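As structure tokens, the structure follows; a few thoughts come after it.
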Amino acid sequence: MKPAGRIGIRLLALLGLLLTLSGCWDQRPVETRAAVVALGIDPGRSRSLFRYTFVFPNVTTTATSLAATPSSQEFFTVTVESQSLTGALSAAQQRQSRSLYLGQVRLIALSTRLPVTVWRNTLNSAVQSGRFVLTFWLVGTSHARRLVSLSPPSEVVPEVAVYRALSCHCQPIRWTQRAWRLWVQSQTPGITPWVPAVSTEGSRFLLHGLDVIGPTQVESWNRTQTGGWGYLTGRVRNGFLTMHQSGGQSYTVGQIHGRSALRIVTQAHGVDVQDSLRYTGVLEGNTVGSGWSGTFEHQAEMAAAHHILRLAVQAWQKARATHTDPFGWHRDWRWQDEAGALRHPSATGSWQDWNIRVAVHFRIRNEGVVR
Amino acid sequence: MSATTANPSPLTYVLMLAASLLGPALFVWPLHVVVRAGQNALWGVLLAASWAILAAWLHSPRPNAEARADGCVQTALDSLGMILLLGIDVLMLVLLAGMLKAFFLYETPRWACIFPLLAVVMWWTGHGRSAPARITAFWLPWMLIVSLAFGSLALTNATYFRAALPSTDCRLSQVVAAAYTTAYLGVPLGLTVRRLGGTVAGGPGSRYAVFGVLLAGSILLLIYGLNLATLGPDALVHLRWPSVFTLEQVTLDSAFFISRVGIAVIFVWTLGVAMAVLMHFHLATRLWVPPHRSQRRWIVTGVMGLLVAGASNLVLSPLAATHLILHLVNPLAVAYLGIDTLAGIGHRWRTRKQPPEHARPPGHSGPGRRPPSNRPPAPVPDPRH
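So the protein sequences, as listed, match chains X and L.
Residue 96 in our numbering sits at position 96 of the first sequence, and the numbers go up by one each step.
All you need for our numbering is the position in the second sequence, starting with 1, plus 371.
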């Protein structure tokens, strides 16, 4: 064959490959899609019916019209009642002129009044449908519709404020619990899955604690218990403690971060847990001329360590009272010492025969600067 | 074409061997070993890896016994292995198309994923004896770099490092079962080492074969560790494609525009499978096409491509492909590997008994029975002359 003919054949082959490999025949342009950014689930009119609130960004908002659009019009919601997530998706599609797209879901909020089965089924169907990208956050709240439809003035379409707050690496507690990790926890024996709890105050939100998805109901942990849980699991990234001296004076230790090292040993009488917490913080406030000295620093370290210990005890007492284990200690125990776990079986959340020793080392790494 | 007789350099040979071994493992790994052995799968993986290193050493052609590799029995055995390997390729292509369909090309029919890929592979194979070597030497390093880069990004999600290590409750039956599920990965090893090892520029070296196995093995171990540390052994077994799941969760919230790495991972894996199929087709042409009948290469490649493409459309679903790998291919692979290893030991034994003068091919001026590590730096015999 002549070289020119060969080149022609090659070009044709390349062209054919370009056309077949591009995958363009099943593309759907963005204008034909309705991207859900948030989803809220509340109890419905009857026990088996639930109210799903889908939040869509307003696609008529363009870069140029953004400044003129009031923040109340940047998103719109579609509310449907259904027995399951799959049914709700279908019902929402019937109310939409565009194809429902779930790859951009940033937040799913569930009401804490919902039964545990709804939490589990929602998570499982989101994972199994394959239509969700599992990097969204699943949070608990008292009123899901109010949370997903609030748009603080600081955010513009299509950002979801709670998503940004949880992903920003700026919260006092490292949450890290995106939906995929929650699903991994729900499939792993030995840990009770938990989600961040968010409440609403007017047009603002507040990350205030922990919702633990227990075997029978969703348990809300208060701020103190959540703090203790954060210290015990080494999740505190930017914490602070306020302590009162005997003379009525108070001082604050801030910028606390650290880690926890867990050692679990199976003994003849039960399970021994040794959680060694190492945290450091900065003494805030004026330390000049107030008679504070090296011994005071030592006292402050001791006081902070005691404070952390008290928080930890409260967290553990809550776990024991509700038969849950959001620390994942039963899981870690099984992974560290499976032979021991087989000898002394202990169900998740059962704290009988568990001896827990927590050692807190606190170090003041710096003193605050007053200008 | 002048390049047809060029021999791969040792580094290219290492890469080719790694490509041949890695392709069938990249994206179905490590689900089934963990299903069999849970946290203790690591022992099974290490057991299989140590067997592979021994086999790489065993099957490497001796420096002076190159001509004996083409014995009649050996060719028949290699042909059997080759057919099994093409069967594995069919199943891997079905699985790849299933994975692409599940994550990326939702509405694309299977044939549209497989045919273009096979067409490219056939084109590369038919092109000449040295084309696969050049293509592997160019693309495989890219593949490894991209995989390592994404692996290190995914490390931020890996928190259960204890779960990646074996547990204190270790049962031998589990470990053996885990090693057994990796048997199909070993099928290309002997074939590749025997057919390519003798052509390496600078003389065959069993250590290059071992390097190739170590390269592929360490990539597989890294993927194993990453998956276990991210998902733990309990959640991992509930997934169809754990490696895809692990890498899919990498979020680059801070990166400008590029927020997800999924498409690059899919690209790299498609490339990995294409490289493996290319290596296997190349081996088949080395096995079934005599060097002086190079025009037949196109015929053999075409027939193989059509058979593989046709067979891949006969397999019902990715689920059926997984079932076939575990329950049909794996027993066959174990039988084949057993016979192959015995033949290899027999061959080693015979060449060891042979006095060096008889084993040396006429005109070969190299020293007699030297271990490959003492390779002479003096003029390397160039087969082009």
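By construction, the Cβ of each residue, glycine as well, lies at the ideal position given by its N, Cα and C atoms.
No experiment lies behind these values; they were computed from the predicted model shown.
Notebook entry, point to check: Between the C-alpha atoms of G130 of chain X and R6 of chain X, what's the straight-line distance to the nearest angstrom?
Noted result: 45 Å
Next item on the list: Could you work out which residues of chain L lie near V184 of chain X, taking near to mean beta carbons separated by less than 7 Å?
Entry: L602, G603, A606
Notebook entry, point to check: Can you tell me whether DSSP reads W175 of chain X as helix, strand or coil?
Noted result: coil
Check: Hey, how far is the Cα of L372 of chain X from the Cα of R178 of chain X?
Finding: In this structure chain X extends from 1 to 371, so residue 372 of chain X is not present and cannot be described.
Margin query: Using beta carbons (cut-off 8 Å, strictly below), is T122 of chain X in contact with chain L?
Written below: no
Check: Which same chain residues, not among the five before or five after H735 of chain L, have their C-beta less than 6 Å away from its C-beta?
Finding: In this prediction, H735 of chain L scores a pLDDT of 45, lower than 50, which makes its location untrustworthy; the coordinate-derived value is nonetheless stated afterwards. Answer for H735 of chain L: no residue qualifies.
Checklist line | Extent of the continuous alpha helix (DSSP H) to which P503 of chain L belongs | finding: 502-525
Next item on the list: Would you mind working out which of L:L536, L:A483, L:L457, L:G643 sits nearest L515 of chain L, comparing C-alpha positions?
Entry: L:G643
Next item on the list: Give a yes or no on whether the C-beta atoms belonging to V136 of chain X and V184 of chain X are separated by under 8 Å.
Entry: This sequence places Phe at residue 136 of chain X; Val is not what is there. For F136 of chain X and V184 of chain X, no; Cβs fall outside 8 Å.
Note to self: So, with DSSP's three-state summary, where would you put H694 of chain L?
What the structure shows: helix
Item checked: Neighbour flag for A339 of chain X against chain L, beta carbons, 8 Å -> yes
Check: Across which residues does DSSP place S199 of chain X in a beta bridge pair?
Finding: X:L206
Next item on the list: Pull up the distance between the alpha-carbon of L18 of chain X and that of C484 of chain L, whole angstroms please.
Entry: 13 Å
Note to self: Just to confirm, is the Cβ distance from V195 of chain X to L138 of chain X under 8 Å?
What the structure shows: yes
Checklist line | Interface partners of P189 of chain X on chain L, CB under 8 Å | finding: D605
Item checked: Neighbour flag for A359 of chain X against chain L, beta carbons, 8 Å -> no
Item checked: Members of the segment 194-211 of chain X that neighbour chain L once the beta carbon cut-off is set at 8 Å -> none
Checklist line | Residues that L342 of chain X contacts on chain L, provided the C-beta gap is smaller than 9 Å | finding: D540
Check: Quick one, which of L:W720, L:L708, L:L388 has its alpha-carbon nearest L554 of chain L's?
Finding: Position check: residue 554 of chain L holds Ala in this sequence, whereas Leu was assumed. Of the listed residues, the one whose Cα sits closest to A554 of chain L is L:L708.
Checklist line | Helix, strand or coil at T117 of chain X according to DSSP, with G and I counted as helix | finding: helix
Next item on the list: Would you mind sorting Y477 of chain L into buried or exposed? The rule is 16 or more other CB atoms within 10 Å of its CB.
Entry: exposed
Item checked: Within the segment 243-331 of chain X, ranges of the alpha helix (DSSP H) (whole runs, at least 4 residues) -> 294-322
Notebook entry, point to check: Thinking just about the alpha-carbon of each residue, which of X:L147, X:A319, X:F362, X:E367 is nearest to the one in E201 of chain X?
Noted result: X:L147
Next item on the list: Name, going along the chain, the residues of the segment 114-143 of chain X whose beta-carbon falls closer than 8 Å to a beta-carbon of chain L.
Entry: G130, V133, L134, T135
Next item on the list: Output, in sequence order along the chain, the residues in the segment 225-241 of chain X whose CB is closer than 7 Å to any CB in chain L.
Entry: none
Next item on the list: Could I get the ranges of all uninterrupted alpha helix (DSSP H) runs contained in the segment 129-189 of chain X, with 4 residues as the minimum, in chain order?
Entry: 144-149, 161-167, 179-187
Checklist line | Between the CA atoms of I696 of chain L and I459 of chain L - distance to the nearest angstrom | finding: 7 Å
Notebook entry, point to check: How many Å lie between T383 of chain L and A508 of chain L at the Cα?
Noted result: 5 Å
Next item on the list: Identify which residue in L:L536, L:W494, L:R407 has its Cα closest to the Cα of M675 of chain L.
Entry: L:W494
Next item on the list: Would you grab the beta carbon distance between P537 of chain L and W414 of chain L for me? Rounded to a whole angstrom, and I think it's under 8 Å.
Entry: 6 Å
Margin query: The beta strand (DSSP E) that contains Y101 of chain X, what's its start and end?
Written below: 99-101
Note to self: In the DSSP assignment, the alpha helix (DSSP H) including N684 of chain L goes from what residue to what residue?
What the structure shows: 667-685
Checklist line | Cβ-Cβ distance between A35 of chain X and F56 of chain X below 8 Å | finding: yes
Next item on the list: Mind the definition here: the segment 615-624 of chain L touches the segment 351-360 of chain X only if three or more C-beta pairs lie below 8 Å; say whether that holds.
Entry: no
Item checked: Residue nearest to C170 of chain X in terms of C-alpha spacing, selected from X:L39, X:L262, X:V236, X:Q352 -> X:V236
Note to self: On the DSSP letters alone, give me the boundaries of the alpha helix (DSSP H) that Y555 of chain L sits inside.
What the structure shows: 554-568
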